[in-house]
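Taking it in order: structure first as structure tokens, then the write-up.
Residue numbers (full-length UniProt numbering): 1 to 212.
What follows is the structure, encoded as structure tokens:
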């Protein structure tokens, strides 16, 4: 039963591909994609607070420079999902942040990945080419390390790979949810807004209390 919503969605998508592009979809591919999404969604729902991965500890101790925390906010009863990122420089104290909402995707994991890709795009526009990204979703770290194992997210992962090649130094580490409160606030606030929002600035948006 748990994969039925995804199966219906992929069947509908295949129908649109046939109607508008005359593209035929393999039924086995549809089932495999639906199953993959269902597993990814269950894993995201079971996400619990964990200590940072060992890689994260080493980066935390040794890295000086640009850090960008990311988060996605998804709720099946809301029409929109929220994305948020919080960038700061450990040497200069400069900060930069972004929050936006978009039509809700089919899983929380998709939203977490979209938050990462959007943050990467924004950092590249600011010419921040040496950076550590931090997420409280361990599945995102796994996904980007082996994108070929996640065919259901191929379009977003292709954009991730394209962006990654433009960085001089890129890494992503897992942190606990308690360490990711700023990005979480930015993502949640965007999801809750009744209108579209796209905000990138060095100061907190007016609808969020000062990030602490």
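The beta carbon of each residue, even a glycine, is placed where N, CA and C say it ideally should be.
Owing to the predicted nature of the structure, the values given are computational and were not obtained by experimental measurement.
Please classify residue 112 as buried or exposed, where buried requires at least 16 other C-beta atoms within 10 Å of its C-beta. As a working note, residue 112 is residue 112 in the chain shown. Label assigned to residue 112: buried.
Give a yes or no on contact between the stretch 151–162 and the stretch 67–78, applying the rule of three or more CB pairs nearer than 8 Å. No, the stretch 151–162 is not in contact with the stretch 67–78.
Per-residue DSSP class, three states only, for residue 53: Counting from 1 along the chain shown, the entry for residue 53 is found at position 53. The pLDDT assigned to residue 53 is 37, lower than 50, so where the model puts this residue is not dependable, and the model offers no usable value.
Among 100, 74, 124 and 81, nearest to residue 166 - alpha-carbon criterion: Here residue 166 refers to the residue found at position 166 of the chain shown. Closest by alpha carbon: 124.
Can you determine whether any heavy atom of the ligand PLP sits closer than 7 Å to the C-beta of residue 208, and answer yes or no? No copy of the ligand PLP occurs in the structure displayed, which carries no ligand at all.
Starting from residue 200 and walking both ways along the beta strand (DSSP E), at which residues does that stretch end? As a first step, residue 200 must be located in the chain shown, where it is residue number 200. Note, residue 200: beta strand (DSSP E), 198–201.
Can you tell me the Cα-Cα spacing of residue 175 and residue 133, whole angstroms? Counting from 1 along the chain shown, the entry for residue 175 is found at position 175. Counting from 1 along the chain shown, the entry for residue 133 is found at position 133. Distance between the alpha carbons of residue 175 and residue 133: 10 Å.
Should residue 161 be labelled buried (16 or more other beta-carbon atoms within 10 Å of its own) or exposed? Here residue 161 refers to the residue found at position 161 of the chain shown. Classification of residue 161: exposed, given that the 10 Å Cβ count is below 16.
Candidates 135, 97 and 129: which alpha carbon is nearest residue 190's? Along the chain shown, read from residue 1 onward, the residue named residue 190 stands at position 190. Nearest C-alpha to residue 190: 97.
Could you tell me which residues DSSP puts in a beta bridge with residue 131? Your numbering for residue 131 matches position 131 in the chain shown. Paired residues: 66 and 170.
Residue 119 vs residue 102 beta-carbon contact at 8 Å: Translated into positions along the chain shown, residue 119 becomes position 119. Translated into positions along the chain shown, residue 102 becomes position 102. In this structure, residue 102 does not lie closer than 8 Å to residue 119 by Cβ.
Please state whether DSSP places residue 164 in a helix, a strand or coil. Within the chain shown, the letter at position 164 stands for residue 164. Helix at residue 164.
Cα-Cα separation between residue 87 and residue 25, rounded to whole angstroms: By one-based count along the chain shown, residue 87 stands at place 87. By one-based count along the chain shown, residue 25 stands at place 25. Approximately 41 Å, taken between the alpha carbons.
Could you compute how far the alpha carbon of residue 150 sits from the alpha carbon of residue 142? Residue 150 sits at position 150 when you count from the first residue of the chain shown. Residue 142 sits at position 142 when you count from the first residue of the chain shown. Rounded to the nearest angstrom, the gap between the Cα atoms of residue 150 and residue 142 is 10 Å.
What's the call for residue 182, buried or exposed, on a 16-neighbour Cβ count within 10 Å? As a working mapping, residue 182 is identified with position 182 in the chain shown. Residue 182 comes out buried.
By the three-class DSSP mapping on this structure, what secondary structure does residue 73 have? Numbered from its first residue, the chain shown carries residue 73 at position 73. Taken through DSSP and simplified to helix, strand or coil, residue 73 comes out as strand.
So which of 126, 194, 163 and 83 has the shortest CA-CA distance to residue 110? For this step, residue 110 is matched to residue 110 along the chain shown. Of 126, 194, 163 and 83, the residue nearest in Cα terms is 83.
Straight-line gap, residue 135 to residue 197 (C-alpha atoms, nearest Å): Counting from 1 along the chain shown, the entry for residue 135 is found at position 135. Counting from 1 along the chain shown, the entry for residue 197 is found at position 197. Rounded to the nearest whole angstrom, the C-alpha separation of residue 135 and residue 197 is 22 Å.
Taking the alpha helix (DSSP H) that residue 142 falls in, what are its first and last residues? Position 142 of the chain shown, counted from the start, is the residue given in the question as residue 142. Segment 138–145, the alpha helix (DSSP H) holding residue 142.
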